[in-house]
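Asker: Sharing a structure with you now.
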Amino acid sequence: KNEVEQSPQNLTAQEGEFITINCSYSVGISALHWLQQHPGGGIVSLFMLSSGKKKHGRLIATINIQEKHSSLHITASHPRDSAVYICAVSPNYGGATNKLIFGTGTLLAVQP
Amino acid sequence: DVKVTQSSRYLVKRTGEKVFLECVQDMDHENMFWYRQDPGLGLRLIYFSYDVKMKEKGDIPEGYSVSREKKERFSLILESASTNQTSMYLCASSLEVTEAFFGQGTRLTVV
Chain A
3 KNEVEQSPQN LTAQEGEFIT INCSYSVGIS ALHWLQQHPG GGIVSLFMLS
53 SGKKKHGRLI ATINIQEKHS SLHITASHPR DSAVYICAVS PNYGGATNKL
103 IFGTGTLLAV QP
Chain B
520 DVKVTQSSRY LVKRTGEKVF LECVQDMDHE NMFWYRQDPG LGLRLIYFSY
570 DVKMKEKGDI PEGYSVSREK KERFSLILES ASTNQTSMYL CASSLEVTEA
620 FFGQGTRLTV V
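Residue numbers (our numbering), protein chains in the order written: chain A, 3 to 114; chain B, 520 to 630.
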């Protein structure tokens, strides 16, 4: 079983829909990261969080440390949000090296 | 802006060639990482370095080596490229437990 599990693996939405991507993890963590990767492109960090909730524009990330679960929400989705969204954790046994453990990603397609 | 730059976006190499992938970061980060990304497997750590000349194996180091002679530069070396090393390679850097910054990726094809 992977230490970081994401769902769904694939998601198709219509423009304007509210989107939720879920991430569950099984290790103790110092932080959780949400990353975005456009087709053929590099990876961009969207959020790093260790508690509560963060918001940036139409993106919201939440984390529940007790339940070892995080969600990434996209409000008023747009075709330019189409990308792979990756959840990753910084395990608290990793020390200062920040070796991330990655989920396998969620491929999001937003149709106009 | 933090920048992590990989030397090539696309590479095509022949089986048995020695291949160098270069990564440079401009934020004085201690930690640098090399990952490969394959469909259905996500990102897997090949090697990482936490200081100049210091390196540790990741989850899939076989067939690879690395070099970090200067803090800003981390090189991944495929000693004798094989077709099963065809993949997307991503470099990243970070401080301790902070946001990680990724390069744009190198898509390597070994023929």
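We put the CB at the ideal spot given by N, CA and C, even for glycine. Only a predicted model underlies this, so the values are computations on that prediction, with no experimental measurement involved.
With a 10 Å radius around its C-beta and 16 neighbouring C-beta atoms as the bar for buried, classify B:Asn550 as buried or exposed.
Answerer: Buried, since its Cβ has 16 or more Cβ neighbours within 10 Å.
Asker: Going by beta carbon distance, what residues of the same chain come within less than 7 Å of A:Trp36, once the five residues before and after it are set aside?
Answerer: Here the set comprises Leu48, Phe49, Ala63, Leu74, Tyr87 and Cys89.
Asker: Using 10 angstroms around the beta-carbon of B:His639, count the other beta-carbons present and answer buried if the total reaches 16, otherwise exposed.
Answerer: Residue 639 of chain B is absent from the model: chain B starts at 520 and stops at 630.
Asker: Would you say A:Ala90 reaches chain B, if we count a Cβ-Cβ gap shorter than 9 Å as a contact?
Answerer: Closer than 9 Å to some Cβ of chain B, the Cβ of A:Ala90 qualifies, so yes.
Asker: Closer than 8 Å is the cut-off here; do at least three beta carbon pairs connect the segment 10-22 of chain A with the segment 595-611 of chain B?
Answerer: No, because fewer than three Cβ pairs between the segment 10-22 of chain A and the segment 595-611 of chain B fall closer than 8 Å, the two stretches do not touch.
Asker: Are the beta-carbon atoms belonging to B:Cys610 and B:Tyr569 less than 9 Å from one another?
Answerer: No, they are not a contact pair.
Asker: By the criterion of Cβ-Cβ separation under 7 Å, what are the contact partners of B:Ser613 in chain A?
Answerer: The contacting residues are Asn100.
Asker: Using the Cβ count rule (16 or more neighbours within 10 Å means buried), how would you classify B:Lys574?
Answerer: Classification for B:Lys574: buried.
Asker: Should B:Val630 go down as buried or exposed, given a rule of 16 or more other Cβ atoms within 10 Å for buried?
Answerer: That one is exposed.
Asker: Going by beta carbon distance, what residues of the same chain come within less than 6 Å of B:Tyr529, once the five residues before and after it are set aside?
Answerer: So the qualifying residues of the chain are Arg626.
Asker: Determine the direct distance from the alpha carbon of B:Lys572 to that of A:Gln39, and round the result to whole angstroms.
Answerer: Using only the alpha carbons, I get a separation of about 30 Å.
Asker: DSSP on B:Thr534, reduced to helix/strand/coil?
Answerer: DSSP places B:Thr534 in coil when its eight states are reduced to three.
Asker: How would you call A:Ser165, buried or exposed, if buried means at least 16 neighbouring beta carbons within 10 angstroms?
Answerer: Limits of chain A in this structure are 3 at one end and 114 at the other, which puts residue 165 of chain A out of reach.
Asker: When burial is assigned at 16 or more other CB atoms within 10 Å of the CB, is A:Asn100 buried or exposed?
Answerer: It is buried - the Cβ of A:Asn100 has at least 16 other Cβ atoms within 10 Å.
Asker: From B:Phe539 to A:Leu51, what does the alpha carbon distance come to, in whole angstroms?
Answerer: Near 35 Å, if we compare the C-alpha coordinates of A:Leu51 and B:Phe539.
Asker: Does A:Asn12 come out as helix, strand or coil in the three-state DSSP assignment?
Answerer: Three-state DSSP puts A:Asn12 in a strand.
Asker: CA-CA distance, B:Thr617 and A:Glu69?
Answerer: Whole-angstrom Cα-Cα distance: 22 Å.
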